[in-house]
Structures are given as structure tokens and as C-alpha cells.
Amino acid sequence: MDTNFDLFIGDMPVKTPIAVACMAGITDGAYIRNVAEHIGLGVIGGYAIDEPTIKAARILSDQGREEFLPRNLIEDLKGQVALVQAGGVVPVINLRASEAGSLVAVARELGTSVIYEIDAHCRQKPMIDARSGEFLLHNPNILIAYVQALKIAGVLVSVKIRAGVAADDVELSRLLWKSGADILHIDLMDYDHTYLKKIRDTSPIFIIANNGITTFEKAKEMFSHGADMISLARQSDIQTLSLLDSRIRQYTHEHGWYNAPKQLCRGGDIRSLAFCCMPVKPCPLLPTLQKYTISPQEFVSMKMEAVAGTPLEQGANTCFGSLAYCCKDTTPCMFRDATLRQAGLKRSVYMDLKRDVSKKLLKKIFP
Ligand SMILES: Cc1cc2nc3c(=O)[nH]c(=O)nc-3n(C[C@H](O)[C@H](O)[C@H](O)COP(=O)(O)O)c2cc1C
Ligand code: SF4
Ligand code: SF4
Numbered sequence: 020m021d022t023n024f025d026l027f028i029g030d031m032p033v034k035t036p037i038a039v040a041c042m043a044g045i046t047d048g049a050y051i052r053n054v055a056e057h058i059g060l061g062v063i064g065g066y067a068i069d070e071p072t073i074k075a076a077r078i079l080s081d082q083g084r085e086e087f088l089p090r091n092l093i094e095d096l097k098g099q100v101a102l103v104q105a106g107g108v109v110p111v112i113n114l115r116a117s118e119a120g121s122l123v124a125v126a127r128e129l130g131t132s133v134i135y136e137i138d139a140h141c142r143q144k145p146m147i148d149a150r151s152g153e154f155l156l157h158n159p160n161i162l163i164a165y166v167q168a169l170k171i172a173g174v175l176v177s178v179k180i181r182a183g184v185a186a187d188d189v190e191l192s193r194l195l196w197k198s199g200a201d202i203l204h205i206d207l208m209d210y211d212h213t214y215l216k217k218i219r220d221t222s223p224i225f226i227i228a229n230n231g232i233t234t235f236e237k238a239k240e241m242f243s244h245g246a247d248m249i250s251l252a253r254q255s256d257i258q259t260l261s262l263l264d265s266r267i268r269q270y271t272h273e274h275g276w277y278n279a280p281k282q283l284c285r286g287g288d289i290r291s292l293a294f295c296c297m298p299v300k301p302c303p304l305l306p307t308l309q310k311y312t313i314s315p316q317e318f319v320s321m322k323m324e325a326v327a328g329t330p331l332e333q334g335a336n337t338c339f340g341s342l343a344y345c346c347k348d349t350t351p352c353m354f355r356d357a358t359l360r361q362a363g364l365k366r367s368v369y370m371d372l373k374r375d376v377s378k379k380l381l382k383k384i385f386p
């Protein structure tokens, strides 16, 4: 099924919101090429890129772990990236660095068609001793300096973290967004979608949710609480990926907005303001607006501005006189549906328009 998810990272189009997450010594260009049809991003690596991290990778390899230790790193990476790109997949390279300069040096060689993922995830002691992996979660200032150095080099940056290691993941995610990181790739480990929602509510950073997301139901739970994409590592086999891809496409074909949030009163994240009513009753909307220091009047103006000139301005027969305040398509309502029918709008198009509203609201909330 040909589905347009309207999904971009920077100005790079991504064909489906599924990624393969990296596994050192395993996920290279050929690995990604074999599953390319069903994924949008392919993370290769992790690669150790300077003397201390290469030494650490050698120790790990001697201990029996799989590691990539190419003789000529840059030439090898160029070849792997070409394989990923040949499959129409956006290449991401997971990098283990002990200083910002090493990351910038790789970025200068490989350029802007690749996304650079800082590995702040590895918990192997030799890598931590090399001031890489998890070391960065305990030293967020260093991690942020790495992000800034790559951003100055003009490339797209992802940061791979493991939930529950940093002192405060929510604050870290906000700082990473502020410092210019494009993607937060989060291994949720033992945490669930409520943890993801807290991170979503703090910044508009592009989120890839990871860990055990092997079924459509799990993917949907992540999407509806803030994930822009999901990723798989251990179970990134062709059967699992193709089934996930076809279920997500089917859902999007029927409902539009593939990662629509739940409504606010059902535990939805900040994006769900797109579905909220006029602020006229005691419900979770008023305290949420207060948290973001938005007055009820401002909220009404924000909504009306967001729908101005779009079909969502209509809806004289709906509760609040405009589709701007109407519920998700999955909430049954004959008034909304009658308006949509009259306007000749499919439900999926209605939801895509709500997605535009949500993007405009978030731009105002997180300037
Ligand atoms: C063998 C193996 C090697 C891994 N190597 C890396 C790595 O080099 N860098 C990294 O950020 N994550 C690495 N990971 C973590 C995975 O990318 C992923 O976060 C984790 O496996 C949870 O996702 P999953 O449940 O889909 O496997 C590795 C995982 C495995 C199993
Ligand atoms: S404004 Fe409406 S949709 Fe939003 S939380 Fe209140 S009742 Fe729910
Ligand atoms: S008209 Fe229907 S969809 Fe619109 S706000 Fe009222 S109940 Fe919700």
C-alpha cells in the first residue's frame, strides 16, 4: 500500500515511521539493505571512531562481543552508507566517541546526507572508561557539547539514550532539544508509554521510541503517546518489520495522522490540544493550559489562527461552532461526521488537518 506519512527529518523524507536500531558488529549496510523495503531509517553501527573508543571496542571484541573494527573507518562507512541509501532508507550512523572533535571529523568526511547518532547508550565498562556510551548520560554537559559541535558542523544529530540512567531524562530531553539535537532515540527499557508522554510534553524534539516494540499494538501505544517513529533491534527480522509496516499503513489509510495522540482527558500528550474543546468546563484542559502559561483566551486565539483558511473553520452545527474544537475520528459523533460529509472531507483527511493544527499549536508552545 502506497502511504504518504508526510514524515521528514530536517528536509529528508522518511518513507515509513519504522527504524532498525543498531547492534554493534551486526547492523551494517547489508543488514539494512535486506529489510529496506519495510523501514524508513536504518541505524548502522555502533562504530568506535577514535583511539580510546577503538581500544575499548578491541577489549570488548577480545571478550567475545561482536564489534565493528574496520581497517579504514571512513572508507568502510562510505560503502555501508551507500548500501543503506540504495534501499531508499535514510542512513544513521551510531558513533562512539571520546571527544567532540572525533565526531566532527567523521561528519566532515561523510557530509550532510547522513544522520549522526551519538551513542550515549552503551553500558559496557571499557566504553564508559573511554568517556563514551553511558558516561555521557552521567555527564550531560559533555553530551550537549557533542551535540553542539555536530550542529555547528551543519549535520543532523540523533542522541541514543537508555531511560532511567541520566539523573532526569525529561530535563535531559529538553536540554538536548535546546542544544539543537534533531532526534531523541530512546531505549525505554523498563519504562512504559507514560514515561514517553512526559518527554513528549517537554519539547517538540523528534522521538524514536525503542525496546521490545515488536507488534502493531505496542507501536500504536508509542505513537499515541508521543513517538514520531519506533525502532527495533533484536527482532528486526523481515517478517516482523513487514507486518508492522503493513499494519501501520493500513491504519494510516483508514485514519490519517499515523501517530495521533489520545485525547487529553484519556491521557493524551500535549499534541492532543488539537482535539480539545473550548476551555469552558472543569476538565484536564485548564490545568494543562496553566502549566504552559497559556490563558483560555490565548488558547481560543491559537486554535482559530491554526484553522484559519482551512476546512476546519467550518462546523456551525458542532458543539463549539467549529471543527477546530472537535474530537478524534475514533470518538463517535454524528454532528462532526455530518459536517465532514457536507464538506466532502474523508475522516483520514480530517485527522491530517488536525495534525497540521497540532504542529501549529506546538510551534507556539515551544518557540
Ligand atoms: C547485540 C546488541 C548490540 C547493540 N549495540 C548497540 C550499539 O552499538 N549502540 C547503541 O546505541 N545501541 C546498541 N544496542 C541497543 C539496541 O539498539 C536497542 O536499543 C536495544 O536492543 C533494545 O531494542 P530492541 O528491544 O528492539 O532490541 C545493541 C543491542 C544489542 C542486542
Ligand atoms: S477540553 Fe474536551 S477533549 Fe480536552 S480534556 Fe477537556 S473534555 Fe477532554
Ligand atoms: S460536535 Fe462531536 S466531535 Fe465535535 S466537539 Fe462535539 S462531540 Fe466532539
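So in the numbering used here, spot 39 of the sequence shown is number 58, and the numbers just go up one at a time.
Think of the CB as a built atom: it goes at the ideal place given N, C-alpha and C, for glycine as much as any other residue.
Tell me whether residue i sits in a helix, a strand or coil according to DSSP, three-state version.
i: Ala185; result: coil
i: Asp371; result: helix
i: Leu251; result: strand
i: Lys300; result: coil
i: Glu153; result: coil
i: Lys179; result: strand
i: Val109; result: strand
i: Asp21; result: coil
i: Met31; result: strand
i: Asp206; result: strand
i: Ile384; result: helix
i: Asn53; result: helix
i: Thr307; result: helix
i: Arg232; result: Note that residue 232 is Ile in the sequence shown, not Arg. Here Ile232 sits in coil by DSSP.
i: Tyr277; result: coil
i: Ser377; result: helix
i: Leu292; result: helix
i: Asp95; result: helix
i: Gly120; result: helix
Sorted by chain position, which residues of the same chain lie with C-beta nearer than 7 Å to residue i's C-beta, five sequence neighbours on each side aside?
i: Ala185; result: Leu156, Pro159, Leu191
i: Val368; result: Gly275
i: Ile58; result: Thr35, Ile37, Ala38, Val39, Val108, Leu260
Excluding five sequence neighbours on each side, which residues of the same chain lie with their C-beta closer than 6 Å to the C-beta of residue i?
i: Val125; result: Ile68
i: Val54; result: Ile257, Leu260
i: Ile137; result: Tyr165, Val178
i: Ala200; result: Val166, Val176, Val178
Could you tell me the alpha carbon to alpha carbon distance between residue i and residue j, rounded to whole angstroms?
i: Phe24; j: Asn230; result: 23 Å
i: Thr131; j: Leu207; result: 28 Å
i: Ala357; j: Gly286; result: 27 Å
i: Val100; j: Ala139; result: 21 Å
i: Ala279; j: Gln82; result: 45 Å
i: Asp264; j: Leu372; result: 23 Å
i: Pro310; j: Glu70; result: A quick correction: the sequence has Lys, not Pro, at residue 310. Approximately 47 Å between the Cα atoms of the pair.
i: Lys390; j: Leu102; result: Residue 390 falls outside the range modelled here, since the chain spans only 20 to 386, and no answer is possible.
i: His212; j: Ile227; result: 12 Å
i: Leu79; j: Ser121; result: 20 Å
i: Pro386; j: Arg84; result: 44 Å
i: Glu332; j: Thr307; result: 24 Å
i: Ser320; j: Ala327; result: 10 Å
i: Ile112; j: Ala75; result: 18 Å
Per DSSP, which one or two residues make a beta bridge with residue i?
i: Phe87; result: Tyr66
i: Arg115; result: Ala67
i: Val39; result: Gly61, Leu251
i: Thr46; result: Gly64
i: Phe225; result: Ile202
i: Ile134; result: Val111, Leu175
Just reading off the alpha helix (DSSP H) that residue i is part of, what are its end residues?
i: His212; result: 212-219
i: Leu283; result: Where Leu283 is concerned, there is no enclosing alpha helix (DSSP H), given that its DSSP letter is neither H nor E.
i: His140; result: His140 -> no alpha helix (DSSP H), and no H or E assigned at all.
i: Phe235; result: 235-242
i: Ile313; result: Looking at the DSSP string, Ile313 is not in any alpha helix (DSSP H), and its letter there is neither H nor E.
i: Thr271; result: 257-274
i: Phe354; result: 353-362
i: Lys170; result: 159-171
Please go through the same chain and pick out, in chain order, the residues whose beta-carbon is closer than 8 Å to the beta-carbon of residue i, but skip the five residues on each side of it.
i: Ile98; result: Looking at the sequence itself, residue 98 is Gly, so the reference to Ile does not match. Around Gly98: Gly48.
i: Ser198; result: Ile163, Val166, Gln167, Lys170
i: Gly107; result: Lys34, Ala55
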